[in-house]
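Enquirer:
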Amino acid sequence: MRYIGYILLLALIGYGLWPYYSVYRLDDAINAPGTVELAEMVDLPAIRANYKTRVSAGVKGVLPSDDPDSVVSWIRQNLERLGDSALEQAITMEWVRDTLRSAVTQATGQTPPYLLAGIDFAFFESYDRFLIRIGELGRGATHVRLSLIDGQWKITDIIP
1 MRYIGYILLL ALIGYGLWPY YSVYRLDDAI NAPGTVELAE MVDLPAIRAN YKTRVSAGVK
61 GVLPSDDPDS VVSWIRQNLE RLGDSALEQA ITMEWVRDTL RSAVTQATGQ TPPYLLAGID
121 FAFFESYDRF LIRIGELGRG ATHVRLSLID GQWKITDIIP
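Quick note on full-length UniProt numbering: the sequence shown kicks off at 1 and runs consecutively.
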């Protein structure tokens, strides 16, 4: 019975350290030439979906409309459609790499940027979500959310 307890304890410790190892791998990936290494650790559709949600919320706040046949409603729908294609063109693997690099450089002043030096906070939000804060809170920090997808920790949101 004691061995089962030890095995469970080791599994729990391993699970707790797993995302930190992914952060270590991410540090190497953002400084590697090209984006092949980084692409394995990023879920671009999830990042685009999160940005789309934020953009849609902003458009609805600026252009509220209760009447679906009004001009304001038509403008809002077109802005949302244009926003989808704009997000696909703007949020690319290069954008992810450049955003992470600039956040680390802003937080540490280092060139080349080392992610581990710029992290101010890194911990679980839930059992399958891990949050990293690059820089100090309240001073332009960038938040990076990792989610457990198909047995691998991947970036699903970047909030500059």
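We put the beta carbon where it would ideally sit given N, CA and C, even for glycine.
1. Tell me the residue span of the beta strand (DSSP E) that contains Gln-152.
2. Helix, strand or coil for Glu-94 per DSSP?
3. Tell me the rounded alpha-carbon separation between Thr-111 and Thr-142.
4. Could you give the first and the last residue of the continuous alpha helix (DSSP H) run that contains residue 169?
5. Decide if Ile-155 is buried, meaning its Cβ has at least 16 other Cβ atoms within 10 Å, or exposed.
6. Output yes or no for whether 7 Å exceeds the beta carbon distance between Asp-27 and Leu-116.
7. Name the one or two DSSP bridge partners that Ala-107 has.
8. Under 8 Å by Cβ, that's how I've got residue 173 and Ile-30 pegged, so tell me the actual separation to the nearest angstrom.
9. Let me know the secondary structure DSSP gives Thr-99 once reduced to three states.
10. What are the boundary residues of the alpha helix (DSSP H) that includes Glu-125?
11. Could you tell me the distance, in whole angstroms, from the CA atom of Ser-85 to the CA atom of Thr-92?
12. Go to Val-36, then tell me how far its alpha helix (DSSP H) extends in each direction, as first and last residue.
Expert: Taking the structure as given:
1. Looking at the DSSP string, the run of the beta strand (DSSP E) that includes Gln-152 is 152-159.
2. Of the three classes helix, strand and coil, the one that applies to Glu-94 here is helix, per DSSP.
3. Pairing Thr-111 with Thr-142, the inter-Cα distance amounts to about 18 Å.
4. The question about residue 169 has no answer, for the chain in this structure spans 1 to 160.
5. By the 10 Å Cβ count, Ile-155 comes out buried.
6. By the CB criterion at 7 Å, Asp-27 and Leu-116 fall inside the cutoff.
7. Looking at the DSSP assignment, Ala-107 forms no beta bridge with any residue, so it has no partner.
8. Coverage of the chain is limited to positions 1 through 160, which leaves residue 173 absent and any answer about it impossible.
9. Of the three classes helix, strand and coil, the one that applies to Thr-99 here is helix, per DSSP.
10. From DSSP, Glu-125 is part of no alpha helix (DSSP H) but of the beta strand (DSSP E) over 119-126.
11. A straight line joining the alpha-carbon of Ser-85 with that of Thr-92 spans about 12 Å.
12. Element bounds for Val-36: 36-39.
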